[in-house]
Amino acid sequence: MISASAVGYFFFAGLRSFGVLFLDRQYGLAAAAVTGPAVLVGLGALAGVLSGGRIADHLIRRGRLSARMTVPAVAYLTTAVFFVPALLTTSTATALPFFLVAAASLAAANPPLDAARLDVVHFRLWGRAESIRTFLRMGAEAAAPVTFGFLADLLGSGGAGGAQGLQYAFLIMLAPLMANAIILLHGRRSYPRDVATATASERPRVR
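Going by numbering that gives the first Met the number 0, the first residue of the sequence shown is number 0, and it counts up by one from there.
What follows is the structure, encoded as structure tokens:
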């Protein structure tokens, strides 16, 4: 779960670093015109953050005990599915709805993942677990701009071709998100048992 969260932050950091540049080169928008779509995509991400945890909690109340694993998995799959047409089209009007859904889905994965991590870790180990998570997140966010930039330069060319390089870089980096989804869907089978084990370990022992 910690690694899955780090991969999500990695992609988001790459999107944050090169998203505006991609909008400029792919759709031929002027610098001032890029601001509007970028703000809308940011609002979509904010909506995803606020809704991801709520959706998972609602499903748990309805008896879906593995919802905190299922919701992020579906969110990562949705991100990949909606990013592809957004990256391939050259129409801003066509791409914007896809970008909105993709950004919201990417952000929606984080709150339930963080909650699930706390569910399966003994409360006395939360500090240690958070240290590892923060370390991986910071490393992923630091590596993302370098990795995305390297791939864009490697796969594209200068000038007008820069959009193609960024396009390929984003498409390639969707693969780890899909791998995240598969891993989380597989892990949801053992999640209720892991939660029960962590809960039992926190109960005081009767002597």
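Positions of the beta carbon are idealized from the N, C-alpha and C atoms, including for glycine.
Because the structure is a prediction, the values reported are computed rather than measured.
If you check the CB distance, LEU183 and ALA3 come in under 8 Å.
Here DSSP, grouped into helix, strand and coil, assigns THR91 to helix. Annotated as proximal: ALA106 and GLY51, with beta-carbon spacing under 8 Å. Counting C-beta atoms within 10 angstroms of its own C-beta, ARG24 has 16 or more neighbours from the protein chains shown and is therefore classed as buried. Assigned with DSSP and collapsed to three states, SER189 falls in coil, not helix or strand. Ranking GLY7, TYR8, VAL33 and VAL6 by CA distance to the CA of GLY18 puts VAL33 first.
The criterion of a C-beta distance shorter than 8 Å is not satisfied by PRO36 and THR93.
Pairing ARG132 with ILE1 gives a Cβ-Cβ distance under 8 Å. ALA128 is a Cβ neighbour of ARG116, given a cutoff of 8 Å.
At a cut-off of 3 residues, not a single continuous stretch assigned as beta strand (DSSP E) sits fully inside the segment 101-175. Taking a 10 Å sphere around the C-beta of THR89, we find fewer than 16 other C-beta atoms and assign the residue as exposed. Taking a 10 Å sphere around the C-beta of LEU124, we find fewer than 16 other C-beta atoms and assign the residue as exposed. Here ARG53 carries a helix assignment [DSSP, helix/strand/coil].
Judged by their CB atoms, ASN179 and GLY62 are not nearer to each other than the 8 Å cut-off.
For ARG60, the three-state secondary structure derived from DSSP is helix. Taken atom to atom, the span from the alpha-carbon of VAL38 to that of ALA102 is near 11 Å.
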